[in-house]
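The sequence shown maps to residues 792 to 949 in the numbering used here. Heads up, the thing below is written out as structure tokens.
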Amino acid sequence: MAHPRLPLRRSAGAGWLPRIEWGWETRNARWWGLGAVGAVVIGAGVAMAVWGMFPVDLHEPTHYAGIMAPTCGLTRSVVAVFRGDVAAAWRYNPAGLLVAVVSVAVLARLVAGSVAGRGPVLRVRPGRLGWTALGLALVALEIHQQGQAQLLMTTGLR
Numbered sequence: 792m793a794h795p796r797l798p799l800r801r802s803a804g805a806g807w808l809p810r811i812e813w814g815w816e817t818r819n820a821r822w823w824g825l826g827a828v829g830a831v832v833i834g835a836g837v838a839m840a841v842w843g844m845f846p847v848d849l850h851e852p853t854h855y856a857g858i859m860a861p862t863c864g865l866t867r868s869v870v871a872v873f874r875g876d877v878a879a880a881w882r883y884n885p886a887g888l889l890v891a892v893v894s895v896a897v898l899a900r901l902v903a904g905s906v907a908g909r910g911p912v913l914r915v916r917p918g919r920l921g922w923t924a925l926g927l928a929l930v931a932l933e934i935h936q937q938g939q940a941q942l943l944m945t946t947g948l949r
């Protein structure tokens, strides 16, 4: 069943500029899935921050050859965020800060939307400039991660 949405306000911009739409929408089933993912990230991150890392090897095969992927160190980074060590989180993987913040925001949006019956919605259409910036950010993240290869090949969270 489709859920009614309030009109969104759009920012001006041509096809190459990012377009941001924001507004309010009534309950939407997709927030339950996103909220569940956010809850898992928060729950696992807090659990590992309190009791230590899970004894599971999550590395891809190239990791053992010293080739780091953009996601290498992401788990340790999120755990460091929940321990309050932002500097360590940045060293392990800068994207971990974004993952932790977005997880908390999505879960908060789900709870607020469930209580109030509607919640804020923000949609970003990247446009050509946005996709280019995202691609450059991923290249920069890969360069950063490869520069941290020695740290990322160690076991455990320091």
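Using N, Cα and C, we set each Cβ at its ideal position, and we do this for glycine too.
Burial state of residue 941, where buried means 16 or more other Cβ atoms lie within 10 Å: exposed
Neighbour-count burial assignment, residue 910, 16 or more Cβ in a 10 Å radius: buried
Residue range of the alpha helix (DSSP H) that includes residue 901: 886-907
Proximity of residue 864 and residue 884 at Cβ, strictly below 7 Å: yes
Coil, strand or helix - residue 933 by DSSP: helix
Selected residue, minimal CA-CA separation from residue 882, among 868, 889, 873, 807: 868
Runs of beta strand (DSSP E) wholly within the segment 810-879 (minimum 3 residues, chain order): 810-817
Own chain, CB closer than 6 Å to residue 919, minus 5 neighbours either side, in chain order: 807
Meets three-Cβ-pair contact criterion under 8 Å: the segment 869-879 and the segment 829-846: yes
Reference residue 862; option with closest CA among 945, 936, 944: 936
Host alpha helix (DSSP H) of residue 787 (start-end): Shown here, the chain extends from 792 to 949; a query on residue 787 therefore has no answer.
Inter-residue Cα distance where the pair is residue 839 and residue 859: 22 Å
Simplified DSSP assignment, three categories, for residue 808: coil
Cβ pair count under 8 Å reaching 3, the segment 821-829 against the segment 889-907: yes
Residue 943 vs residue 826 beta-carbon contact at 7 Å: no
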